[in-house]
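S.K.:
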Amino acid sequence: MLALAEDVALSGGVGVVDVPHLDLRVLLLEPSQENRKGDVRFGCESAGCELKGGHTVFVQIFGGHGTPLDECRLMLDSATKHEWPLAGAAAGTETCMKDDKGNIGLYVIQTKSTALPDLAFLQGDLTVWRNADR
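All the letters of the sequence shown, read from the start, carry residue numbers 8 to 141 under my numbering.
1) Quick one: measure Cβ to Cβ for VAL47 and MET104, integer angstroms, because I've assumed they're closer than 8 angstroms.
2) Do you know whose CA, among ASP77, HIS62, LYS119, GLU90, lies nearest ALA97's CA?
3) Over the uninterrupted alpha helix (DSSP H) stretch that includes CYS79, give me the two end residues.
4) Is it true that the CB of PRO124 sits closer than 8 angstroms to the CB of CYS51?
5) Since GLY109 contacts ASN138 with CB under 8 angstroms, what's their CB separation in whole angstroms?
6) Determine the closest residue to ASP107 out of PHE49, LEU58, GLY45, THR63, with distance taken between C-alpha atoms.
7) Secondary structure at LEU126, three-state DSSP: helix, strand or coil?
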């Protein structure tokens with residue numbers, strides 16, 4: 008498997024992880040945005056903000072760092088949450104995600120600022136394994 012890592016920066020506008028032929032992309036949730044792409048979105052409808060995905064499920068990994076693909080795959084087998092609250096997440100928090108096409112991603116938070124929802128942002132690293140749910 009080839010891991011593809013991209014930096015994601017979300018702030019005030021729209022930030023996209025541009026990975027060709029892949030649907031695990033992250034966008035800032037702005038209801039007035041007509042041309043949004045991707046399934047994974049950052050929004051602040053709840054206290055502390057959240058990640059949302061219409062066709063993507065999320066699981067936060069607790070414990071050590073450097074979560075491997077096999078652990079993400081195992082944890083995502085029974086995942087059903089299409090929305091993951093970020094209130095308890097801090098720098099270094101790892102979240103596994105899987106879309107309906109079988110792509111698995113590991114998002115590691117670098118910086119999170121959610122105290123003021125109108126100015127909230129999330130920055131981190133995203134590693135994507137294509138067709139890795141097998």
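Ideal Cβ positions, reconstructed from N, Cα and C, are used throughout, including at glycine.
Computed from a predicted structure; not experimentally measured.
M.R.: In terms of the structure at hand:
1) 6 angstroms
2) LYS119
3) 76 to 83
4) yes
5) 5 angstroms
6) THR63
7) helix
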